[in-house]
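K.L.:
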Amino acid sequence: MGANGSAVPRHYFEEPAETMDPALLDAIQWEAFVRQVERASTSRFYRDRFARAGFDVSHLRTWDDIGRIPFTSKTDLCDDIQENPPYGTRLVVASEEIVDIVETSGTSGIGREVHVLNAEDRHRAYRIEAFGFVWAGVRHGSVVALTLPVAMTAAGNWWIMTLDRLNANCLRLGQMDVEAKLDYLVRYQPHALIGTPAYVSRLERAALDRGLDLAAELPALQSILVSGEAKSAHWAQERNIVWGAKVYEQWGCCAGAVTWSCEGGMVDSAGSLRPMHSLPHLTMLEVIDPATGEHVRDGEYGQIVITPLGMEAAPLVRFATGDRARYLEARHCTCGRPFPGIEASSVSRFDDMVKVKGVNVWPTVVAAVVELHPEILEHRVTVYADASAREQIKLEAVVRDNLGEGFRSEVLLRELKASTGLTFELIVHGAADGVAFQDVMQATSGKVRRWRDLRADDVPAE
Ligand SMILES: [Zn+2]
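For my numbering, add 1351 to where a residue sits in the sequence shown, where the first one is 1.
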C-alpha cells in the first residue's frame, strides 16, 4: 500500500465486502451471477434469446463458461420496449410490484431504455449509490448540493433517494438558474456538490463574474462529485484548487451499475488518475475487447458490460453499455479494497469514436489536450471533406478576450498532433466575437456535443 493511500482515512459503507478476501468475494459474485442468469431465463426476453444462442443455465459451471451467454445491446432493449410497451418482456414481476421507473436520456438516437425496479431493486439502487457518497465523506447531517435537474433518468432520482436514506440534506438546486444556485451555495455552505463537469465550470465562470473566490466562500466544501462526462487529471487538479475541494468521479448507467472514486478522489496528490471501483457483490462488471469478445487484460481498453446482481423486477444479463473504458485490477488502488474497476477519466462512448484519415480519434483525448489551456473557454471540432475530398479536422476554440496575442496556438497544435497523430486546423475566436462565440457555445450547451462530422454531406459512402 502506497504512502499516499494509507494517509487517507477509510469510510466504509459495507465493511465486510470492502475488506473481504478476494477469493471469497469472487465465490459470492459467482453464486449471485448464476442466480441472476436463472432468474433472467424465466423472462420471455431471455428465454427466447438464450434459446436462439443455444445457451442453457446448466452450461454455467465456471467463469470460463460465461462467454456462451450472448450480450444484450441497447438496441435489443429499445426494440423490446418499442414492441412491448411500456416495460418490455424482461419483466418477471406483476406490474403492481413496480415502485420506480427510470429512462435513459435517449441521446443515442435509437430510443430510450426503460428500467423498472421493485422495492428490493430500489434498495439495491440505494446501496450502489451510497458507496460513492460515503467514500466521498457524506454522512448523517451532511449538506449536499445537487445541481442537476431531476427528471426520468436514474442519476438525480437515485441520488436524492440515497441521500435521504443516508440522512444527508440534499439541496435540490437543479431547476434554478446559475445565479440562484450560487446564492444557495453561499447561504447553506454544502459539504459536497454534485454536478456535471460542464456545470461545475459554469458555476466557476459565474462566480468569477461576481468576483467570488469559491475556495474562500465555501470553506465547508470538501467533495465535488462529477458524472456524465470524462475530464482529464489536469481538470480535476484545477478544480481541487479553485474550489478547495477534492473531485470524485462516478460512472453510472440507468441499467443499474456504477463505479465510484474511493476516498482518494479522481487524482492523487501527484496528479495521476486513480481507479473508480466496481462493486463486485452487487454488479458483475466486465470490460470486453470488441474485436475478440474476451475480457481485456489489466490496463487495456474495452467495452463496459454489466450484469446487475440481485435485480428482481426486470433482470438484465451481460448488458453491453456502449461505453469504453480502461480496465484496472483491484491492486492498482491504494485503498486495499478487493474491488477492481476502471480508470477515472477513461470512459467515452463507443459511438463517439471518430475515424479520421484512418485514425481512431476519441473526443475525450482532444478535450484533455484542450483542458491544458485554461484560456480556452470552449471548443468545437468539425470533421469534413475539403474541395479535393480530403478529410480534414478543424478545432475551433473560444479564448478569453484579454489574451491579445498571448494564445499559444503552435503549442496546442503540437500537443494535438502528439496525442492523436493528426494535424488539426485551428480557428481561434475571441469571446467578444459574438456570432462565432454563440455558435460554439450553443453547440456545447446542455448535453455535451462538441463534435460534428460533416463528411457524409460531402463524400460519397465508400
Ligand atoms: Zn480505492
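Note that the Cβ used here is the ideal one computed from N, Cα and C, for glycine as well.
With a threshold of 7 Å, establish whether the CB of arginine 1688 neighbours any heavy atom of ligand 1.
P.N.:
Yes.
K.L.:
Helix, strand or coil, according to DSSP, for methionine 1627 in the structure here?
P.N.:
In this structure, methionine 1627 counts as strand in the three-state DSSP scheme.
K.L.:
Starting from the C-beta of tyrosine 1599, find all residues in its chain whose C-beta is less than 8 Å away, skip the five residues before and the five after it, and write them out in chain order.
P.N.:
These residues qualify, in order along the chain: Gly1483, Trp1486, Ala1487, Ser1574, Ile1575, Leu1576, Val1577, Trp1611, Ser1612, Gly1616 and Met1617.
K.L.:
Output the distance between the C-alpha atoms of threonine 1426 and valine 1668, rounded to the nearest integer angstrom.
P.N.:
The straight-line gap from Cα to Cα measures roughly 14 Å.
K.L.:
Assuming histidine 1632 and isoleucine 1417 make a contact with CB atoms under 8 Å, what is their CB distance in whole Å?
P.N.:
With a Cβ gap of about 17 Å, histidine 1632 and isoleucine 1417 do not count as contacting.
K.L.:
Are the stretch 1657-1664 and the stretch 1600-1607 touching by the rule of at least three beta carbon pairs closer than 8 Å?
P.N.:
Segments in contact, yes.
K.L.:
Using the Cα positions of alanine 1543 and valine 1494, report the straight-line distance between them to the nearest angstrom.
P.N.:
Cα-Cα distance, rounded: 7 Å.
K.L.:
Span of the beta strand (DSSP E) holding glutamine 1601?
P.N.:
Run containing glutamine 1601: 1597-1604, per the beta strand (DSSP E) assignment.
K.L.:
Return the chain-ordered list of same chain residues with a C-beta closer than 8 Å to the C-beta of serine 1623, the five sequence neighbours on each side being excluded.
P.N.:
Here the set comprises Ala1584.
K.L.:
Could you work out which residue in Ile1778, Ala1383 and Ala1470 is closest to serine 1760 when comparing CA atoms only?
P.N.:
It is Ile1778 whose Cα lies nearest to the Cα of serine 1760.
K.L.:
In this structure, what does DSSP give as the bridge partners for methionine 1635?
P.N.:
DSSP, once it has assigned bridges, lists Thr1658 as partnering methionine 1635.
K.L.:
When you compare only the Cα positions, how much space is there between glycine 1797 and alanine 1368?
P.N.:
Here the model assigns glycine 1797 a pLDDT of 45, short of 50, so the residue's position is not dependable, and the following value carries that caveat. About 38 Å.
K.L.:
Taking 7 Å as the cut-off, is the C-beta of histidine 1628 nearer than that to any heavy atom in ligand 1?
P.N.:
Checking the Cβ of histidine 1628 against ligand 1 gives yes.
K.L.:
Please tell me whether valine 1467 and isoleucine 1432 are closer than 8 Å, where the distance is taken between their beta carbons.
P.N.:
Contact flag unset, no.
K.L.:
The beta strand (DSSP E) spanning aspartate 1451 covers which residue range?
P.N.:
Unbroken beta strand (DSSP E) run through aspartate 1451: 1451-1454.
K.L.:
Identify the residues that DSSP records as bridge partners of lysine 1768: which are they?
P.N.:
In DSSP, lysine 1768 forms no bridge with anything.
K.L.:
Could you give the distance in angstroms between the alpha-carbon of threonine 1565 and the alpha-carbon of valine 1593?
P.N.:
What sits at residue 1565 in the sequence shown is leucine, not threonine. Cα to Cα, the separation comes out at about 7 Å.
K.L.:
Starting from the C-beta of valine 1810, find all residues in its chain whose C-beta is less than 7 Å away, skip the five residues before and the five after it, and write them out in chain order.
P.N.:
The predicted position of valine 1810 is uncertain, since its pLDDT is 42 and thus under 50; no value can be drawn from it.
K.L.:
Nearest by alpha-carbon distance to aspartate 1377: which of Leu1805, Thr1634 and Thr1547 is it?
P.N.:
For aspartate 1377, the nearest C-alpha among the options comes from Thr1634.
K.L.:
Specify the secondary structure class of aspartate 1415 as computed by DSSP and reduced to three states.
P.N.:
Reduced to three states, the DSSP call for aspartate 1415 is helix.
K.L.:
Can alanine 1695 and arginine 1648 be called in contact, C-beta distance under 8 Å?
P.N.:
No, they are not a contact pair.
K.L.:
Can you tell me whether DSSP reads lysine 1745 as helix, strand or coil?
P.N.:
Lysine 1745 falls in the strand class under three-state DSSP.
K.L.:
Leaving out the 5 sequence neighbours to the left and right, which residues in its chain are closer than 6 Å to aspartate 1451 when beta-carbon positions are compared?
P.N.:
Only Leu1468 and Arg1473 meet the Cβ criterion.
K.L.:
Is any non-hydrogen atom of ligand 1 found closer than 7 Å to the C-beta of cysteine 1429, if you look at the structure I gave you?
P.N.:
Answer for cysteine 1429: no, Cβ out of range of ligand 1.
K.L.:
According to the neighbour-count rule (16 or more other Cβ atoms, all chains shown, within 10 Å of its Cβ), is tryptophan 1602 buried or exposed?
P.N.:
Tryptophan 1602 is buried by the Cβ-count criterion.
K.L.:
How about isoleucine 1511 and leucine 1497: do their beta carbons lie closer than 8 Å?
P.N.:
Yes, the pair counts as a contact, with Cβ atoms nearer than the cut-off.
K.L.:
Applying the criterion that 16 or more other CB atoms from any shown protein chain within 10 Å of the CB defines a buried residue, is aspartate 1534 buried or exposed?
P.N.:
Exposed: under 16 other Cβ atoms inside 10 Å.
K.L.:
Considering only C-alpha positions, which residue in the set Tyr1539, Arg1516, Thr1504 and Val1444 is nearest to leucine 1522?
P.N.:
Ranking Tyr1539, Arg1516, Thr1504 and Val1444 by Cα distance to leucine 1522 puts Tyr1539 first.
K.L.:
Based on the DSSP output, what are the partners of aspartate 1804 in its beta bridges?
P.N.:
BP columns for aspartate 1804 point to Val1734.
K.L.:
Using DSSP bridges, identify the partner residues of tyrosine 1652.
P.N.:
Answer is Arg1677, bridged to tyrosine 1652.
K.L.:
Would the beta-carbon of phenylalanine 1670 fall within 8 Å of that of threonine 1423?
P.N.:
Cβ distance < 8 Å, so phenylalanine 1670 and threonine 1423 count as in contact.
K.L.:
In chain order, what residues of the same chain have a beta carbon less than 7 Å from the beta carbon of arginine 1806, not counting five sequence neighbours either side?
P.N.:
So the list reads Val1734, Tyr1735, Ala1736 and Glu1742, once near-sequence residues are dropped.
K.L.:
Look at the alpha carbon of arginine 1401 and the alpha carbon of serine 1392, and state the distance between them as a whole number of angstroms.
P.N.:
It is worth fixing the name first, because residue 1401 is phenylalanine in this sequence and not arginine. Computed Cα separation, rounded: 7 Å.
K.L.:
Is it right to say arginine 1801 is buried, meaning 16 or more other beta carbons lie within 10 angstroms of its own, or is it exposed?
P.N.:
The residue is buried, with at least 16 neighbouring Cβ atoms inside 10 Å.
K.L.:
Taking the Cβ atom as the reference point for each residue, do arginine 1765 and glutamate 1726 lie within a distance shorter than 8 Å?
P.N.:
Against a cut-off of 8 Å, the Cβ pair of glutamate 1726 and arginine 1765 comes out as no contact.
K.L.:
Any idea what DSSP makes of asparagine 1508, helix, strand or coil?
P.N.:
Of the three classes helix, strand and coil, the one that applies to asparagine 1508 here is helix, per DSSP.
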